[in-house]
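In what follows, a structure is listed as structure tokens, so that the remarks can point back to it.
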Amino acid sequence: MAARKPIFNQHVLYDTTPLPESIPKVKELGTTSAPLMSAAFFIGARCKDYNDDFMQCKTENPGKGEFECLKEGRRVTRCARSVIKDINANCLDQFKAHWECLENNNQQMWQCRQKEWSLNKCVFDKLGLEKRIPDQPKDEVPVQFRRNQIYAHASIPITQFPYLTPSQRAEQVENLRLRDPKKAARIDLWDEQQRQKEAAEAAAAQTKA
Numbered sequence: 002m003a004a005r006k007p008i009f010n011q012h013v014l015y016d017t018t019p020l021p022e023s024i025p026k027v028k029e030l031g032t033t034s035a036p037l038m039s040a041a042f043f044i045g046a047r048c049k050d051y052n053d054d055f056m057q058c059k060t061e062n063p064g065k066g067e068f069e070c071l072k073e074g075r076r077v078t079r080c081a082r083s084v085i086k087d088i089n090a091n092c093l094d095q096f097k098a099h100w101e102c103l104e105n106n107n108q109q110m111w112q113c114r115q116k117e118w119s120l121n122k123c124v125f126d127k128l129g130l131e132k133r134i135p136d137q138p139k140d141e142v143p144v145q146f147r148r149n150q151i152y153a154h155a156s157i158p159i160t161q162f163p164y165l166t167p168s169q170r171a172e173q174v175e176n177l178r179l180r181d182p183k184k185a186a187r188i189d190l191w192d193e194q195q196r197q198k199e200a201a202e203a204a205a206a207q208t209k210a
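Our numbering puts the first residue of the sequence shown at 2, with every later residue one more than the last.
Written out as structure tokens, the structure reads:
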């Protein structure tokens, strides 16, 4: 056996057998890896229930989930397609800038934080979806919000700040109370001053009207 000459098959094999007519057809995503990585967290935000159903079906059908879970898989694909379609329709410039950055930087997320923050803001404002990384420790700043990306090729300008949704900002302030209560108190004071300023401006505008 050791003397046998190795033979490597470089041909790509395709199974051209069509699916049965009883199985509804669904279009694939049609995206390459970089756009898919850019949109992954938003797909997770909208499609979590479908994804959970699919994974549960696979777990309950070990070894034959590909056949038993086609219905759940179609739902996952349709939901993911809806996210890609909506992002392209509402945030195309930010989306393209982010995934092109990933494509040009070996898909390393820390190289593209500024473009990611712009995309996060647009997607939340237009679609109401926010990026969340599960099970992050509460006693430290989440990696996607850190201005100092130590492995990045270029530093983030001092004028650039991460975008946080209102709920994310509230969570970060609460977590900050555990690490630095004085700093959290300063943020609370600033927030209160901003609310008073906005209330005064609204009252002045109403008076003029």
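Glycine included, each C-beta is placed from N, C-alpha and C at the ideal position.
Ile260 versus Gln95 - alpha carbon distance: As shown, the chain starts at 2 and ends at 210. That puts residue 260 outside it, with no answer to give.
In chain order, each beta strand (DSSP E) run of at least 3 residues that lies wholly inside the segment 23-108: none
Whole-angstrom distance between Gln161 and Gln115, CA atom to CA atom: As a position in the sequence shown, residue 115 is number 114, starting the count at 1. As a position in the sequence shown, residue 161 is number 160, starting the count at 1. Cα to Cα, Gln115 sits roughly 7 Å from Gln161.
8 Å Cβ cutoff met for His154 and Leu120: As a position in the sequence shown, residue 154 is number 153, starting the count at 1. As a position in the sequence shown, residue 120 is number 119, starting the count at 1. Not closer than 8 Å, so no.
Residue from Phe125, Cys48, Asn149, Cys80 whose Cα sits closest to the Cα of Trp111: Indexing the sequence shown from 1 puts residue 111 at position 110. Minimum Cα distance to Trp111 is reached at Asn149.
Met56 to Asn106 span [Cα, whole Å]: Here residue 56 refers to the residue found at position 55 when the sequence shown is read from its first residue. Here residue 106 refers to the residue found at position 105 when the sequence shown is read from its first residue. So the two alpha carbons sit approximately 31 Å from each other.
Local conformation of Lys132 per DSSP, three classes: For this step, residue 132 is matched to residue 131 along the sequence shown. Lys132 falls in the coil class under three-state DSSP.
Length of the line joining the Cα atoms of Val27 and Pro158: If you number the sequence shown from 1, residue 27 lands on position 26. If you number the sequence shown from 1, residue 158 lands on position 157. Taking the straight line from one Cα to the other gives about 44 Å.
For Phe42 and Asp50, the rounded distance between their alpha carbons: Position 49 of the sequence shown, counted from the start, is the residue given in the question as residue 50. Position 41 of the sequence shown, counted from the start, is the residue given in the question as residue 42. Distance between the alpha carbons of Asp50 and Phe42: 14 Å.
Beta-carbon spacing of Gln145, Ala35 below 8 Å: In the sequence shown, the residue the question calls residue 145 occupies position 144. In the sequence shown, the residue the question calls residue 35 occupies position 34. It is not a contact, given that the beta carbons lie outside the stated cut-off.
Simplified DSSP state of Asp181, which is helix, strand or coil: As a first step, residue 181 must be located in the sequence shown, where it is residue number 180. Asp181: coil per DSSP, three-state reduction.
Three-state class that DSSP yields for Asp140 in the structure shown: The sequence position of residue 140 within the sequence shown is 139, counting from 1. In this structure, Asp140 counts as coil in the three-state DSSP scheme.
Three-state class that DSSP yields for Arg148 in the structure shown: Taking the sequence shown and counting its residues from 1, one reaches residue 148 at position 147. The answer is coil: DSSP assigns Arg148 none of H, G, I, E or B.
Rounded C-alpha distance that separates Glu67 from Tyr15: For the purposes of this step, residue 67 is identified with residue 66 of the sequence shown, where counting begins at 1. For the purposes of this step, residue 15 is identified with residue 14 of the sequence shown, where counting begins at 1. Distance between the alpha carbons of Glu67 and Tyr15 is about 17 Å.
Cys48 beta carbon less than 8 Å from that of Pro84: Translated into the one-based positions of the sequence shown, residue 84 becomes position 83. Translated into the one-based positions of the sequence shown, residue 48 becomes position 47. Reading off the sequence shown, one finds Val at residue 84, where the question assumed Pro. For Val84 and Cys48, yes; Cβs fall inside 8 Å.
Alpha-carbon spacing of Glu199 relative to Arg147, whole angstroms: Against the sequence shown, residue 199 aligns to sequence position 198. Against the sequence shown, residue 147 aligns to sequence position 146. Near 29 Å, if we compare the C-alpha coordinates of Arg147 and Glu199.
Distance between Pro182 and Gly64 (C-alpha atoms, nearest Å): Here residue 64 refers to the residue found at position 63 when the sequence shown is read from its first residue. Here residue 182 refers to the residue found at position 181 when the sequence shown is read from its first residue. In a straight line, the C-alpha of Gly64 is about 52 Å away from that of Pro182.
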